[in-house]
């Protein structure tokens, strides 16, 4: 699953703990929205919108 990630994407993925997170909580850790979207596009994390908030899930 994570075999096709670039080094910066792998580094960003290690900054995301497993579980469900809001976009705000991840961007305060130093991740950019662009990094999150690129990880979601590679299916390393799942992006979902719940109650108007963007959420990310790391399996």
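Numbering (our numbering), first residue to last: 3 to 61.
Ideal placement from N, C-alpha and C gives every residue a C-beta, glycine not left out.
- The beta carbon of residue 25 sits closer than 8 Å to those of 35, 38, 55, 56, 57 and 58, all from its chain and outside the five residues before and after it, given in chain order.
- Rounded to whole angstroms, the gap between the alpha carbons of residue 44 and residue 6 is 8 Å.
- With fewer than 16 neighbouring CB atoms inside 10 Å of its own CB, residue 22 falls in the exposed class.
- In this chain, the beta strand (DSSP E) harbouring residue 24 covers 21–24.
- Per DSSP, reduced to three states, the secondary structure at residue 8 is coil, with no helix or strand assignment.
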